[in-house]
Amino acid sequence: MTVHTDAQPPSPAPGASVRPPRKARSNGQWSVDGQTPLNANEVFKQEGAPLDVRERIETVYATEGFESIDPDDLRGRFRWWGLYTQRKQGIDGGRTAQLDVAELEDHYFLQRIRLDGGSLSREQLRVIGRISNDFARGTADITDRQNIQLHWVRIEDVPELWRRLEEVGLTTIEGCGDTPRGFLVSPVAGIAKDEIIDPTPLAQAIRQTYLGDPELANLPRKFKTAISGSPALDVLHEINDISFVGVEHPELGAGYDLWVGGALSTAPRLGERLGVFVSPQDALEVWYGVIRIFRDYGYRRLRNKARLKFLMAEWGPQRFREVLQDEYLGRALPDGPAPAAPSGDSDHIGVHEQKDGRFWIGAKPPVGRLDGDTLLGLADLAESVGSDRVRTTPLQNLLLLDVPAERVEEAVAGLRELGLEPNPGNFQRNTLACTGLEFCKLAIVETKSLAAQVLAELDERLADTDLDRRVTMTINGCPNSCVRIQTADIGLKGQIITVDGEQMPGFQVHLGGGLATDGRPEAGLGRTVRGLKVPAKGLVDYVERLVRRYLDERHDEESFAQW
Ligand code: SF4
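Converting from the sequence shown to my numbering requires adding 698 to each position, the first position being numbered 1.
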């Protein structure tokens, strides 16, 4: 991701089962309990439409400066336009829990640019590159929701930054907040030869119809959407609030299998199939029905019990389907098939022929990090090889699309020159790191710079082995799991640990998780290895030992998760 930072301070025990809140008192479900707000967040959302904060930013705060910002806007409504304060520099992770938010936050902002499906033209790339250099000290991170995030943004520069983005069709609206967040869409939508259905029309229809709709801008919490028609199952569909997964119905043709109620964080839960087949014609209405169920029935009393997964835990998929059909659609949906086991490379790295005979090239930016000059260089490269389309991916990769066969070699060399590797080593390819201590107010340990140090070394140390399978690793700076602690072969949860009486940054280790996107036929949450904590400075040694043991002990084709 990564980031995020409307992530909540943890409260349920990590890995705890998801239980709906007890019914002794109102859970704040609008359709059941009425709309009386039951916590401070619900109060500020009802007091003033969060999206209206834009006018105050443009007319007051950008002129009068940081000190003039109302705290309810600063720590609440700003998110509806993708703005968070970033962490003050120099505060070590051991103090995160001891300080309140005002002490942790800087006067600079993280600005998330919403890129549904991660699609960018050359012109858009150039605009983001220039904005990054002009207003964000050259920063630009790809998130695991296909967005791009800038850091070091001053409130004074926000109106001009938005103006430039909007001039080329980009936006930051509902980048964060209790809203329909940026959608994950298959990065090879419309171009992959083996695609079951092109999800582009559905993603565009949702965006055009409902983005910024005030009726959907006060949800109980965030609402994440994923849409793919790729047999590689490449959008982490098990951990989104709603997912449309391409399937072929034996009589009705290509359409979607519907999944609801997945989410990670501190009480992880995989989404469940409702068992319905959603035709391309019905898909927009079904999305609108599910998001309104969340708006109307979602729990609003406690924020850490407000995600859709808690409602699904109470209702189960059968009741959810009945409410969707009876109250929101007014008709039954046909039963439908489940997706087949994943096939093909879901990270889309390397050179691949498109269905139109041209090629896409997938490359890895180091730990998901770009900068303004790289974006500008990428736009120039795209132009020189005849491409006008780039996409970001949920695994923080970049794809250059539509490259003619005779320019592929030049494009590969150009990407490499920009530091974007089309053939990365196993750990550089399969590791994600969240924002961590550098900018995130909730962070306890450093992540991206640690990853930058350890991944190349791991690949070098393990070069003498026959590691022929993906081993996924995620480095999270706190329990909030922005890059998925529970769904990686090696999931690392940042915390301060004690070694020989000395406190130091380290990680609780989780092993054996994975999703279809990681090539797993069946998704599974990893297990916490009780008592197994690794100091950050010992991470390379630990992972090397673990992988060598796996290679020694595995039987035949056994994957890391099966081992
Ligand atoms: Fe998310 Fe990482 Fe920040 Fe924790 S430290 S909230 S996991 S970005």
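Backbone N, C-alpha and C fix where the C-beta goes; we use that ideal spot for every residue, glycine too. None of the values given here were measured: they were computed from a predicted structure.
Checklist line | Inter-residue spacing [alpha-carbon to alpha-carbon] between R1243 and L1249 | finding: 10 Å
Nearest CA to the CA of L848: which residue from L972, D842, A834? The option with the nearest alpha carbon to L848 is A834.
**Item:** When G1236, L808, G880 are compared against I643, the one with the closest alpha-carbon
**Value:** There is simply no residue 643 to check, as the chain begins at 699 and stops at 1261 in what is shown.
Practice item. Could you please give me the residues that DSSP links to K1058 through a beta bridge? Key: For the sequence presented, residue 1058 should be read as Trp rather than Lys. When beta bridges are read from the DSSP output, W1058 appears opposite H1050.
Hey, is A673 close to the ligand SF4, as in C-beta under 8 Å from one of its heavy atoms? No answer is possible for residue 673: the residues shown for the chain start at 699 and end at 1261.
*asked:* The beta strand (DSSP E) that contains P885, what's its start and end?
replied: No beta strand (DSSP E) contains P885, which DSSP labels as neither H nor E.
Exercise. Determine contact between the region 802-822 and the region 1053-1071, defined as no fewer than three beta-carbon pairs at a distance below 8 Å.
Key: no
Rounded straight-line distance, which links the Cα of A1221 to that of S1179 | 17 Å
*Which one of L1074, R828, P1102 has the shortest CA to CA distance from F1057?*
P1102
For this session: Just the C-alpha distance for I895 and Q906, rounded to the nearest angstrom, thanks.
Result: Cα atoms of I895 and Q906: separation of roughly 20 Å, rounded to the nearest angstrom.
Would the beta-carbon of A1141 be found less than 8 Å away from any heavy atom of the ligand SF4?
yes
**Message:** So, with DSSP's three-state summary, where would you put F674?
**Reply:** Residue 674 is absent from the structure shown; the chain starts at 699 and stops at 1261.
Check: Cβ-heavy atom distance between S1082 and the ligand SF4 below 8 Å?
Finding: no
Give me the residue from T1091, V958, I853 with the minimum Cα distance to R694. Nothing about residue 694 can be reported from this structure: the residues present for the chain run from 699 to 1261 only.
Check: First and last residue of the beta strand (DSSP E) that includes K1191?
Finding: K1191 -> beta strand (DSSP E) spans 1188-1197.
Quick check: what's the CA-CA separation for E1012 versus T964? Taking the Cα positions, E1012 is about 18 Å away from T964.
Below 8 Å, can you find three or more Cβ-Cβ pairs linking the region 1183-1197 to the region 849-863? no
Through-space distance from R1225 to G713, alpha-carbon basis = Only weak support exists for where G713 lies, its pLDDT of 41 falling under 50; the value from the coordinates is given anyway. Taking the straight line joining both Cα atoms gives about 8 Å.
**Q.** Rounded straight-line distance, which links the Cα of A901 to that of E1025
**A.** 24 Å
field: Buried versus exposed call for Q796 [16 or more other C-beta atoms within 10 Å across all chains shown]
entry: exposed
In three-state DSSP terms, what is N1002? helix
| request: For S1179, verify whether its CB is less than 8 Å away from any heavy atom of the ligand SF4. | output: The ligand SF4 approaches S1179 closely enough that one of its heavy atoms is under 8 Å from the residue's Cβ.
Just to confirm, does T1145 get its C-beta within under 8 Å of one of the non-hydrogen atoms of the ligand SF4?
It does: the Cβ of T1145 is within 8 Å (strictly closer) of some heavy atom of the ligand SF4.
| said: Just list the residues that DSSP pairs P1203 with in beta bridges. | reply: I1194
- Item | Cβ-Cβ separation, T1133 to D839 (assumed contact under 8 Å), whole Å | 7 Å
How about E1144 and P1064: do their beta carbons lie closer than 9 Å?
no
Close-in-space but distant-in-sequence residues of the same chain around D770 (CB under 6 Å, 5 per side omitted): F742
Heavy atom of the ligand SF4 within 8 Å of T1133 beta-carbon | T1133 has its Cβ nearer than 8 Å to a heavy atom of the ligand SF4.
Check: Can G792 be considered in contact with the ligand SF4, in the sense that its beta carbon sits closer than 8 Å to one or more heavy atoms?
Finding: no
Rounded to the nearest angstrom, how far is the Cβ of A760 from that of I853, given a contact under 8 Å? 6 Å
Option in Q1151, L1213, G1229, D1254 with minimal Cα separation from D1239: Among Q1151, L1213, G1229, D1254, the Cα nearest to that of D1239 is on Q1151.
Note to self: What ranges does the beta strand (DSSP E) occupy inside the region 1073-1147, keeping only unbroken runs of at least 3 residues that lie completely in it?
What the structure shows: 1088-1090, 1096-1101, 1129-1131
(message) Rounded to the nearest angstrom, what separates V1106 and I1059 at their Cα positions?
(response) 8 Å
Bridge-paired residues (DSSP) for L956 = In the DSSP assignment, L956 forms a beta bridge with F942.
Q | Cβ-Cβ distance between P1092 and P885 below 9 Å | A | Between P1092 and P885, the gap from beta carbon to beta carbon is short of 9 Å.
Nearest-angstrom Cα separation, counted from G788 out to F881: 34 Å
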